[in-house]
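Count along the sequence shown from 1, add 9, and you get the number used in my numbering.
Every residue, glycine too, gets a C-beta built ideally from N, C-alpha and C.
To keep things clear, I will list the structure first and then write my remarks on it.
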Amino acid sequence: MLQIRRFETRARELFLQGVIKGTAHSSVGQEAIAVGACHVLLPNDFILTHHRGHGHTIAKGADIREMFAELMGKATGSCAGLGGSMHIVDFENGILGANGIIGAGMGLGTGAALAEQLNGSGNIGITFFGDGAANEGIFHEAMNLAAVWALPLIFFCENNQYGLSTSTEAVTAGPSIAGRAGAYGMPSERINGNDVMAVYAAVERAALRARAGDGPTLIEALTYRWDDHSMRANLPAYRPEGEEADWKAADPLLRLTDQAKRAGAVDDTDYEQLVSEVNGEIEAAIDWARAQPEPTLGNALTFVSAPALAACQPEPDPGARPITYLKAINEAFHQEMARDPDVIVLGEDIGRIGGIFGTTRGLYDRFGRERVRDTPISEGALATCGVGAAICGKRVIVEAQLWDFVTLMMDAIVNQAAKARFMLGGKAKVPVVFRGPQGAGIRLAAQHCQSLESLFVNVPGLEVYAPSTPYDTKGLMAAAIRSDGPVVFLEHKLLYLGAEQPVPEQDFVISPGKARIVRPGADCTVIATLAMVERAVQAAERLERDGVSVEVIDPRTFKPFDIETVVESVKRTNRAVVVHEAPKFGGFGGEIAAAITEEAFDWLDAPVARVGAPEMPVPYNDSLERAYMPDARDIAAAVKAVCYRR
C-alpha cells in the first residue's frame with residue numbers, strides 16, 4: 010500500500026512538472042482495495058482494470074519501472090509508450106490491461122473467464138470498475154452473461170462516491186450497487202473498501218466460489234479518491250470540505266499501520282525503514298524511466314495490425330463441385346473448427362437451429378455447446394466477450410444476427426479489438442471475426458438492410474473482407490479465422506440466395522488484399538463489391554452488345570485493398586467506374602476513386618465515376634427498394650458516360 014501511495018503521489022508531482030504528459034488518474038485513498046483483492050489471486054489468475062488502475066496493476070505484480078516509463082511515453086514502457094496511464098498491461102502477471110472506456114473491462118472479463126473455463130485451467134479473474142460504470146449497459150449485460158454461463162469472474166465495484174464531479178447517489182437508483190446482483194441470481198457483498206482485511210476476506214469468499222465452478226460474485230467496496238478525477242482536471246470545488254476531511258481521516262494506510270502496530274507486527278522503526286525502502290525504490294524507477302528512449306513512428310506503425318498470414322499456397326482450382334454461398338460459409342466453419350480446437354462461435358440463435366440464415370448449421374451437434382454458444386440478445390456483451398476470449402488465446406467468431414445490430418457492438422470492435430494490439434505495445438493478439446449479413450434486397454426495411462462498410466474501413470487495426478462468390482467466401486473465411494488480428498467479415502443477404510458455384514472440398518485460404526478480375530475488358534474498368542459484382546457483370550454483358558468492352562474487378566477485401574490490380578487495369582482501359590450498394594456520399598467508392606486519381610491520373614481519359622445508392626435509408630416498399638439499389642442499368646449508364654465523355 011505504501012508502494013502504491015508513493016507511486017501515485019510522485020506521478021502527480023511529475024505531471025505538474027511536465028515530465029508526465031496527457032493525463033493520469035490517481036488512486037490515492039483506494040490502496041486497500043488493490044492490495045486486499047489482488048493478494049487473494051494466484052499468479053495465473055487475471056485482472057482487468059480501468060482508467061484508475063495503477064494500484065491494481067502494482068498489486069498484481071507489474072514492473073514499476075515500466076509503468077513510470079509508460080506514463081512518460083517511453084519506448085520501454087509497459088505498452089511501448091503507446092497506451093499511457095490508462096492502458097497498463099502485463100500478460101505474464103495476468104494483467105490483461107487497463108481500459109479508458111468506462112465499463113469495458115466487464116465485457117472483456119467475461120471473455121477472459123470463458124477462455125479459462127473452456128481451458129479447464131482453474132484460473133479466475135477480477136474485473137475492477139467504478140461506480141459510474143455500474144450505470145452502463147455493459148454492467149448488466151456482462152453480469153447476466155457471466156451468471157448464465159457460471160463464469161469464474163469477480164465483479165469488483167470501487168465506489169469512490171463520485172463519477173467525475175457528480176455524486177454516485179445522485180445518479181444511481183436503488184439502495185446499493187451490490188443489491189443489483191440479486192436480479193441475476195448472483196451473490197454480492199457491500200464492504201468497507203478502506204479496510205484491507207475486509208477486502209481480502211470478501212474476495213477470498215468470491216474466489217472460492219469461482220474456483221469451485223459456482224460462478225461470479227459482485228463486490229461493492231465503499232471508498233474515496235482523495236484527488237480530483239484526473240491529474241489534468243482543474244474543476245471548481247464540488248465536494249464538501251467536511252466530507253473530504255472525514256474520508257481522509259479514514260485513510261486505509263493509516264488504518265493498516267495502526268492495526269499492524271497494535272498487533273506487534275511492526276514498530277515505528279520498522280515502519281520508517283519500510284517507508285525509506287519504498288521511496289528509494291520509486292525514485293530508482295523514476296530515474297530509470299527518465300533515461301529510456303522515445304518511441305519512433307516507424308516502430309509504432311508495426312504495432313497497428315497483426316502480421317499477415319504466412320504466404321498462402323496458390324489459390325486452388327475451383328473444381329466441379331457446386332455449392333452455395335451459405336454452404337461455403339458453413340463448410341469453412343466446420344473445417345476450421347475441426348482443424349483448431351481453440352476456434353469457438355458466439356452469437357444469438359446459432360446453436361440447435363444454426364442461425365436464422367443457417368450459416369452455423371450442424372456446428373452445435375458436431376462441436377458441442379461449449380464451442381458453439383448461444384448468447385443472450387446482448388450485443389455489447391457478446392462482442393466484448395469475444396474480444397476478451399480472443400486476447401486470452403481463443404479464435405472467436407462473433408455473429409451479428411443482422412449486420413445492422415453491429416452498431417451495438419461498436420465499442421468492442423472499434424475501441425477494443427482494433428486498438429488492443431497497438432495500445433498494448435504489440436503484446437496482444439486479437440483473433441476475432443465479426444461477421445453477419447448486410448445489404449438490401451429482401452424487404453427488411455431501414456434497420457435491417459444497411460451497407461455499413463464505411464464505418465470500419467477508417468479504423469486502423471481492422472481488416473474488412475467482402476467476398477461475392479462461394480469460392481472466395483470459403484477461402485477468405487478461413488483466412489479471417491486464422492488471422493491474429495480482428496476481421497470484419499461482410500456477407501450479403503442476396504448472395505445467400507444465389508446460385509451454386511464450384512468450390513474445392515478441401516480447406517484452403519485466400520490471401521486478403523488480392524483482387525479478382527472477374528471479367529477482362531479493354532474500354533472501362535468497373536470495380537464492384539458484394540452483390541454489385543454480379544450486376545456489374547450483367548452491365549458488361551449488355552454493353553458488349555454495343556461494342557463497349559468492360560473489365561470487372563472484385564476487390565474481395567476492403568482492407569487490405571489491392572490498389573495495384575485496379576491501377577494496372579485502369580492504365581489499360583483509361584476509364585473507371587466504382588460501384589457499391591451503400592449511399593454514394595461517404596461510401597468507400599470515394600476512397601477507391603481518390604486512389605485511382607492519385608496513382609493513374611495521367612492515364613485517365615475521363616473522371617472516375619461512382620455508382621451508389623441515394624442519400625436515404627433503405628425503403629420497405631418493394632418497388633422503392635429495387636429503385637434504391639444500383640442495378641445493371643445504372644452501372645451501364647455510368648460506363649457509357651465515361652466512355653462517351655467529350
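{"Query": "Opening and closing residue of the beta strand (DSSP E) in which LYS568 lies", "Result": "566-568"}
{"Query": "Whole-Å CB distance - ALA142 paired with ILE111, under 8 Å assumed", "Result": "5 Å"}
{"Query": "Inter-residue Cα distance where the pair is GLY129 and LYS403", "Result": "13 Å"}
{"Query": "LEU227 versus ALA210: straight-line alpha-carbon distance, rounded", "Result": "14 Å"}
{"Query": "Entirely enclosed alpha helix (DSSP H) segments - the segment 223-307, minimum 4 residues", "Result": "250-258, 261-271 and 277-299"}
{"Query": "Beta bridge counterpart(s) of LEU162 as assigned by DSSP", "Result": "GLY134"}
{"Query": "Three-state class that DSSP yields for ASP619 in the structure shown", "Result": "The sequence as given places Arg at residue 619; Asp does not occur at that position. Of the three classes helix, strand and coil, the one that applies to ARG619 here is strand, per DSSP."}
{"Query": "Separation of THR606 from PHE594, as counted between CA atoms", "Result": "17 Å"}
{"Query": "Heavy atom of the ligand ATP within 7 Å of THR175 beta-carbon", "Result": "The ligand ATP is absent from the structure shown, which contains no ligands of any kind."}
{"Query": "Assigned secondary structure, SER520 (DSSP; H/G/I helix, E/B strand, else coil)", "Result": "coil"}
{"Query": "Distance, ALA274 Cα to ALA392 Cα", "Result": "48 Å"}
{"Query": "Between the CA atoms of ALA646 and SER460 - distance to the nearest angstrom", "Result": "23 Å"}
{"Query": "Cβ neighbour criterion (16 or more within 10 Å) applied to GLU252", "Result": "exposed"}
{"Query": "Counted within 10 angstroms of its Cβ, other Cβ atoms place PHE570 as buried (16 or more) or exposed", "Result": "buried"}
{"Query": "Exposure of ASN203, with buried meaning 16 or more beta-carbon neighbours within 10 Å", "Result": "buried"}
{"Query": "Segment limits, alpha helix (DSSP H) that includes ASN339", "Result": "334-348"}
{"Query": "Backbone CA spacing between GLU379 and ASP481 [nearest angstrom]", "Result": "29 Å"}
{"Query": "ASN201, enclosing beta strand (DSSP E) - first and last residue", "Result": "197-201"}
{"Query": "Alpha-carbon spacing of ASP631 relative to ASP383, whole angstroms", "Result": "33 Å"}
{"Query": "Contact set for PRO529: own chain, Cβ-Cβ below 7 Å, skip 5 residues either direction", "Result": "GLU560"}
{"Query": "CB-CB length for ILE42 against ALA258, believed under 8 Å", "Result": "Contact doesn't hold; Cβ gap of about 18 Å is too wide."}
{"Query": "Minimum C-alpha distance to GLY139 - residue among ILE186, ASP277 and SER87", "Result": "ILE186"}
{"Query": "Per-residue burial, GLY397 [other beta carbons within 10 Å of its own, 16 or more giving buried]", "Result": "buried"}
{"Query": "ASP474, DSSP secondary structure in three states", "Result": "Going by the sequence as given, residue 474 is Tyr instead of Asp. In this structure, TYR474 counts as strand in the three-state DSSP scheme."}
{"Query": "Residues sharing a beta bridge with ASN168, DSSP", "Result": "LEU231"}
{"Query": "Straight-line Cα distance separating ILE338 from GLY470", "Result": "24 Å"}
{"Query": "Coarse secondary structure for VAL586, derived from DSSP in three states", "Result": "strand"}
{"Query": "Nearest candidate by alpha-carbon position, reference SER558, set LYS568, ASN583 and VAL576", "Result": "ASN583"}
{"Query": "Beta-carbon contacts of THR534 that lie in its chain and below 6 Å, excluding the five residues immediately before and after", "Result": "GLU560, SER578, VAL579, THR582 and ALA585"}
{"Query": "With 16 other Cβ atoms within 10 Å as the buried cut-off, status of GLY360", "Result": "buried"}
{"Query": "Straight-line Cα distance separating ASP99 from LYS30", "Result": "22 Å"}
{"Query": "Which residues DSSP lists as bridging VAL157, in chain order", "Result": "DSSP, once it has assigned bridges, lists no residue as partnering VAL157."}
{"Query": "Extent of the continuous beta strand (DSSP E) run through VAL37", "Result": "Counting along the chain, VAL37 falls outside any beta strand (DSSP E), and DSSP gives it neither H nor E."}
{"Query": "Distance between PHE164 and ARG271 (C-alpha atoms, nearest Å)", "Result": "33 Å"}
{"Query": "CB contact flag (PHE55, GLY103, <8 Å)", "Result": "yes"}
{"Query": "Three-state secondary structure (DSSP) of PHE443", "Result": "strand"}
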